[in-house]
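Quick note on numbering: the first sequence equals residues 58 to 479 in this note's numbering.
Idealized CB from N, CA, C, for every residue including glycine.
So the structure is just underneath, and the comments pick up after that.
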Amino acid sequence: MLDIRFIRENKDRVKEGVIKKGEVPSKVDEVVHADERRRKLVQQGEDLKSRKNAVSAQVAKMKANKEDASAIIAEMKVVAEKIKVIDRELREVEETLRSLLLQIPNLPHPSVPVGKGPDENQIISTWGEPFLIDFSPKPHWELAEKLNIVDFTRGTKITGTGYPVYVGKGAQLDRALVNFFLDEATANGYTEVFPPLLVNATSATGTGQLPDKEDQMYVVPRDDFYLVPTAEVPVTNFYRDEILAERQLPIKFSACTPCFRREAGSYGKDVRGLNRVHQFNKVELVKFVHPDNSYEELESLCHDAERVLQKLGLQYHLLLMCSGDMGFTQAKKYDLEVWSVGQQKWLEVSSVSNFESYQARRMNIRFRPERGGKPEIVHTLNGSALALPRVIAALLEHYQTPEGKVIIPKILHEYTGFEVIG
RNA sequence: GGAGAGGUGGCCGAGUGGUUGAAGGCGCUAGUCUCGAAAACUAGUAUGCGCGCAAGUGUAUCGAGGGUUCGAAUCCCUCCCUCUCCGCCA
C-alpha cells in the first residue's frame, strides 16, 4: 500500500497514477476523507487521555496523602466513557482506511509506458536464433506424449485437469532444470531458501495476494492457510515486521517451490499441454534493497533471469509492461517470453517486478539508516528464473528432431545425466 | 490429540493495580583514559501515530484482541505462539 502521508500531500498525482493503472480514482478521495476523520478523532481522544493521565496521577498522590479523591474520580468516570466512545469510532475509521488503502494500487514508475492492455506493452529486446530446421515442428504435448515423459491423462485421473504427471526423463528434466536455475542463482549471489508451501492470511496480504487475488489461491479452510501461488509470498514475508541494518542490503534470496494456482476463468487453447497448469515448479528470485537503487536492482534481476534463457539457447523477448497490464502491486514490470516454435507463439516464463515500498509497507519491513534517523521502508523486487513448465515446453519444441527425439542442450548434461530423450 | 508451564525492550531478566516506557545486567554507539587496544569510568541506546518549520510535545505499545477500574505489564475473558511430558508420526 501507499504511504498515507504521500497520498495526503500528492492527491492529484496519486489519482493520475491510479487512472494509468486502469483503476478507479474515486477511492483516493475516500482515503483522504477517512484520513482526515481519523486524525480528528486521534486528536480528540488524545486530549482526553492526556487529561485522564494527569488526573490519575493526582488521584494516586491524594490517596497516598489519605485525602478524599471521590469528586475527581466521579468526574473522570465521564471522561473515561467519552474516551471509550471515541476509541471505538476511531477503530472503525482506521479499519475503513486500511481497507481503502489496500484498494489503491501501486503507482507506475515514470518510465512505464501508459497503456490499457497487452497490445501496448513494449518489446525491449529479442534474443536468440530462430528454429531453422526444414520440417514442421510439433507442439510439446505431442512430443511429450510420444516420448512418454509427461502423462496428462493420468494426472487428470489422480487429481484433475491441469495436473500433469512428469514421468521418467520428463521428471528428471524438470529436476535438472531446477538444479541448474538454483545453481545459477547461487553463482549470482542469491541465498537459497526453502520456505513453507502454506502461508497464513497475514503473509498472503503482505505480498498483495489478498484481498486482490483471493480467487487464484487454493485455501485450506480448516487451518486457515493458503497454498503458495509463488515463492514470492513466503520468501518476501521472511522479514515481515523487522528492521534490517542498512549494511545488510541488498538481500537476495532464491527459492524453488511448487506453485499452486486455481487459474479460475482460464479456458481454451491457452491451457493446452503445459501452457497453463495448476501446480508447477518455479525458481523465484527475491530482493530486499535500498530505495535509492531499486531500479538498478530491477535491471540486474532481469539480466539474471535472461541469462538462464540464453544459456539454454532458447529464443525469447523482453517486454516492458504498460501501466494497465502490469498488475496491482507493481511499479514497474518486465516479462520474459520464450518462443514456442511448436505453437508459433510466445509463452511467459518470467515476470520481473519492482514493488518499491508497496509490499514492504504492508509487511512493515524497514532498515535503519547508517547515518541515524528513523527506520525507512525497504524496496522489494522479485522475478522468476524461471517457471518450469513453459521452459520445458519451449525446450522440447526447440530441440526436437525430425524423428521426434529431443536433444538436451549441453549445459544441462551434467544435470540430466542423459543427452537425448527418445 | 491429552496434561502442565510460560510469553516483558537487540538479548538475558526484575516487576502482581498508582510518576514503570518499564529496575539490573549484557550487547551496541560516543566520550574520557591510552602510542593504539583491552580494562575501567561517563553518557546515550525502542517503535507507531497526532500536532509542530524545528527543538519539542501529546498519546499508544510488556504475545494479540476484548473487559473491569479514576488508573492495568500487573485482575478477568477469548485467541495465538513457545517449552516440557504423554500419544501419534516422515
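Exposed or buried, residue i, counting other C-beta atoms within 10 Å across all chains shown (16 or more means buried)?
i	result
L342	buried
T264	buried
K173	exposed
E413	buried
D361	buried
V135	exposed
A233	buried
H470	exposed
A244	exposed
V310	The residue asked about is misnamed: residue 310 is Phe in this sequence, not Val. F310 should be labelled buried.
V88	buried
S351	buried
Output needed for residue i: all residues of its chain with C-beta closer than 6 Å, excluding positions within five of it in sequence on either side, in chain order.
i	result
G219	V334 and H335
V406	L393, V395, L443, A444, R447 and V448
Y223	V207 and D231
D327	R333
In the structure shown, what three-state DSSP assignment does residue i receive?
i	result
A121	helix
H166	coil
E249	strand
K109	helix
C316	strand
F345	strand
E433	strand
A442	strand
H455	helix
L301	strand
I64	helix
Of the choices the options, whose alpha-carbon is the least far from that of residue i?
i	options	result
V292	V477, G102, I422 and D125	I422
A201	Y456, H470, K467 and E471	Y456
G370	V142, P307 and W184	W184
V409	E471, L254 and M383	M383
R451	P196, T314, N411 and Y472	The residue asked about is misnamed: residue 451 is Ala in this sequence, not Arg. That would be P196, whose Cα lies nearest to the Cα of A451.
V277	P459, L154, L254 and V290	L254
V171	F475, L154, K78 and K402	K78
I181	K390, V285, T473 and V75	K390
V116	K226, E149 and I129	I129
Could you tell me how far apart the beta carbons of residue i and residue j are, in whole angstroms, since I believe they sit closer than 8 Å?
i	j	result
N163	A388	5 Å
E303	E427	5 Å
L306	V435	7 Å
I465	E476	5 Å
C379	V81	The pair is not a contact, with the Cβ atoms about 18 Å apart (cut-off 8 Å).
K339	S441	6 Å
What residues in its chain sit with their C-beta under 7 Å from that of residue i, if we drop five residues either side in the sequence?
i	result
L267	A258 and A261
M58	L158, L159, I161, Y415, R418 and R419
Y373	W184, G185, L366, L393, E394, V395 and W396
K368	I468
P175	D382
E93	none
Which residues in the same chain as residue i place their Cβ atom closer than 8 Å to its Cβ, once the five residues preceding and following it in sequence are excluded?
i	result
V142	none
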